[in-house]
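Going line by line, the protein sequences match chains H and P.
Per the numbering used here, residue 1 is the first one in the first sequence, and the count goes up by one each step.
Per the numbering used here, residue 1 is the first one in the second sequence, and the count goes up by one each step.
A short worksheet on the structure shown next.
Protein chains: 2
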Amino acid sequence: MSTRDDLRDIALKEFAVAGYAGTSLQRIAEIAGVSKSNVLYHFDSKEALLEAAIGPAIDQMAVILGSIDESLAEPKARRAFIEQFVDFLLERRLEVHMFISQGPGLEDVPVVDRANALVATLATFFSSAVSSVEDHLRFGVALGGAAYVLSAKQDPSLAEGPFEESESDEVRAALVTIVSELLAPVSVQQTHTPAR
Amino acid sequence: MSTRDDLRDIALKEFAVAGYAGTSLQRIAEIAGVSKSNVLYHFDSKEALLEAAIGPAIDQMAVILGSIDESLAEPKARRAFIEQFVDFLLERRLEVHMFISQGPGLEDVPVVDRANALVATLATFFSSAVSSVEDHLRFGVALGGAAYVLSAKQDPSLAEGPFEESESDEVRAALVTIVSELLAPVSVQQTHTPAR
DNA sequence: ACAGCCTCTGACCGATCGGTCAGCTACCTT
DNA sequence: AAGGTAGCTGACCGATCGGTCAGAGGCTGT
């Protein structure tokens, strides 16, 4: 693995656990065993490092959202989307946790604004302007709850690899069940894209 | 309202939205319209300000947890607890959001460790060692999801007062429904404290 | 052998961090 | 009137922040 990739991975982990503002370039450099200057050689700025760390996850999220069309009202399509979404949460739990917990307060960082826009898009799919307050809450609980539980599970270690092999499948299945349950009563608006 | 209370409230809001590390005493002082020295006159240190900001919420949480006994298995008692818990989330959403999103990474801050211990206690009530992975996830999704959705709802403003009067009741009722739904299948262990 | 590039470092920069300190003002007590 | 105390401020401290810069060392192509 290249030094650049090392730095990106370390930065992502530190940003997720200690926060963007709470993580210094010096600390990232020390963990990686390089100088702070070297961090700024590979990345133009701290903000550029943040973009490199969470950008791929946002790109991936955009692809997932682009693949869903208005057929989301059909139970089968919806189930497939939820599975895809849970897989995304499992694979990118650090990035998602970062965005969930630090999304506000990291405004005017371009890559974060892009992520905010994506979540807004996703929300309109599941609960448009005409849906009830409860539907909004269901969507939020599903997204925020799944993101929280994944980041909180391996709290102190925040291990690098995915979950234990044996546990991973069980977690995935349970999450799909829970999220499906949460979103089941939500009616999907499949007409036009909402006005706002 | 005294200057001290002003500072505590401002600090809580800023800590919640920008993070503890991302909020400077200078900024808190500017918002309050006082000098930074004055902040450190009312609070011995930044950490003391954090404790003053979230301590009351943790005390309140401890009281709630102390009031529940092992009768939580009965549906009526469980429902009452969920309502009490949702009310707590509504009243203390800033503190809860702070703890949820910054709990790890704020270790060795005494007041945060106390909050962590409380959540662990709560978790053992709902899902002991013998319960399934899905039960653990259900509990986590309910807690983290409810906390996220409440902090995310009023994103930019992060208004001081509670929700709009008309909307507040609806949000409360919906949250009680959703959390009850999430926790319904979870079997409560009411024998002894789990072995591990 | 030399030139050029990539990787990387230490020294250094101004700004800001949390925190200390001496002292000012206003008010209360005797 | 004198003294004490609570509330507050500006000047200042060392440490650390993100970021710049000149240059060292290694590797490749000529």
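The beta-carbon is built from N, C-alpha and C at its ideal position, and this holds for glycine as well.
Being a predicted model, the structure only gives us computed values, none of them experimental.
- Use the C-beta contact count for H:A120: other C-beta atoms within 10 angstroms, 16 or more gives buried, fewer gives exposed. As a position in the first sequence, residue 120 of chain H is number 120, starting the count at 1. Classification for H:A120: exposed.
- Terminal residues of the alpha helix (DSSP H) in which H:M61 lies: For the purposes of this step, residue 61 of chain H is identified with residue 61 of the first sequence, where counting begins at 1. Element bounds for H:M61: 46-67.
- Item | Neighbour list for H:A18 in chain P, Cβ cutoff strictly below 8 Å | Here residue 18 of chain H refers to the residue found at position 18 of the first sequence. Those are A21, G105, listed as they occur along chain P.
- Can at least three beta-carbon pairs, one atom from the segment 137-156 of chain H and one from the segment 49-57 of chain H, be found at a separation below 8 Å? no
- Task: Tell whether a beta-carbon distance below 8 Å holds between P:V109 and P:E47.
- Result: As a first step, residue 109 of chain P is located in the second sequence; it is residue number 109 there, counting from the start. As a first step, residue 47 of chain P is located in the second sequence; it is residue number 47 there, counting from the start. Yes, they are a contact pair.
- Thinking just about the alpha-carbon of each residue, which of P:S101, P:R8, P:F81, P:A117 is nearest to the one in P:H42? The residue you call residue 42 of chain P lines up with position 42 of the second sequence. For the residues P:S101, P:R8, P:F81, P:A117, the minimum Cα distance to P:H42 belongs to P:R8.
- Assign P:L197 to one of three DSSP states: helix, strand, or coil. The structure shown does not extend to residue 197 of chain P, since chain P spans only 1 to 196, so no value can be given for it.
- Just checking my contact of P:T23 with H:E134 at CB under 8 Å: how many whole Å lie between their CB atoms? Start at 1 with the first residue of the second sequence, and residue 23 of chain P comes out as number 23. Start at 1 with the first residue of the first sequence, and residue 134 of chain H comes out as number 134. That pair is no contact at about 34 Å.
- Item | chain P contact residues for H:E167, given Cβ-Cβ distances below 9 Å | Counting from one through the first sequence, the residue named residue 167 of chain H turns up at place 167. Here the neighbours are V133.
- Since H:A11 meets chain P, which of its residues come closer than 9 Å, beta carbon to beta carbon? As a first step, residue 11 of chain H is located in the first sequence; it is residue number 11 there, counting from the start. What H:A11 touches in chain P: nothing, since even the nearest Cβ is about 14 Å away.
- Message: Quick check on H:P194 - is its C-beta less than 8 Å from some C-beta in chain P?
- Response: The residue labelled residue 194 of chain H in the question sits at position 194 within the first sequence. The predicted model places H:P194 with a pLDDT of 42, which falls under 50 and marks its position as unreliable; any figure quoted below should be read in that light. No, because no Cβ of chain P sits closer than 8 Å to the Cβ of H:P194.
- Cβ-based neighbour list, H:L12, same chain, cut-off 6 Å, excluding 5 preceding and 5 following: Residue 12 of chain H sits at position 12 when you count from the first residue of the first sequence. Cβ within range, chain order: A53, L94.
- Start-to-end residues for the alpha helix (DSSP H) that takes in H:Y41: Position 41 of the first sequence holds residue 41 of chain H. Start and end: 36-42.
- Indicate whether at least one CB of chain P lies closer than 8 Å to the CB of H:V96. Here residue 96 of chain H is taken as the residue at index 96 of the first sequence, counted from 1. False, the Cβ-Cβ gap to chain P never drops below 8 Å.
- Alpha-carbon to alpha-carbon, H:G140 and H:G89: Numbered from 1 along the first sequence, position 89 holds the residue referred to as residue 89 of chain H. Numbered from 1 along the first sequence, position 140 holds the residue referred to as residue 140 of chain H. This sequence places Leu at residue 89 of chain H; Gly is not what is there. Cα-Cα distance, rounded: 14 Å.
- Which residue's Cα is closest to the Cα of P:Q60: P:L118, P:A29, P:L182? Your numbering for residue 60 of chain P matches position 60 in the second sequence. Considering only alpha carbons, the answer is P:L118.
- Message: Only counting the same chain, and skipping five residues up and downstream in sequence, which positions put a Cβ closer than 6 Å to that of P:R92?
- Response: Along the second sequence, one-based indexing puts residue 92 of chain P at 92. Closer than 6 Å at the Cβ level, and outside the excluded window around P:R92, lie A57.
- State yes or no: is the beta carbon of H:Q102 nearer than 8 Å to at least one beta carbon in chain P? By one-based count along the first sequence, residue 102 of chain H stands at place 102. So, interface residue.
- Please classify H:D33: does DSSP put it in a helix, a strand, or coil? As a working note, residue 33 of chain H is residue 33 in the first sequence. Sequence check: residue 33 of chain H is Gly here, not Asp. Correct three-state label for H:G33: coil.
- Backbone CA spacing between H:A123 and H:H136 [nearest angstrom]: The residue you call residue 123 of chain H lines up with position 123 of the first sequence. The residue you call residue 136 of chain H lines up with position 136 of the first sequence. Going by the C-alpha atoms only, they are around 8 Å apart.
- Buried or exposed by the 16-neighbour rule on C-beta atoms within 10 Å, applied to H:A142: Mapped onto the first sequence, residue 142 of chain H falls at position 142. Buried.
- Query: Going straight from the alpha carbon of P:R4 to that of P:Q102, what length do you get?
  - Reply: For the purposes of this step, residue 4 of chain P is taken as residue 4 along the second sequence, with counting starting at 1. For the purposes of this step, residue 102 of chain P is taken as residue 102 along the second sequence, with counting starting at 1. If you take the alpha carbons of P:R4 and P:Q102, they lie about 24 Å apart.
- Query: Should H:E51 go down as buried or exposed, given a rule of 16 or more other Cβ atoms within 10 Å for buried?
  - Reply: Along the first sequence, read from residue 1 onward, the residue named residue 51 of chain H stands at position 51. With 16 or more other Cβ atoms within 10 Å, it is buried.
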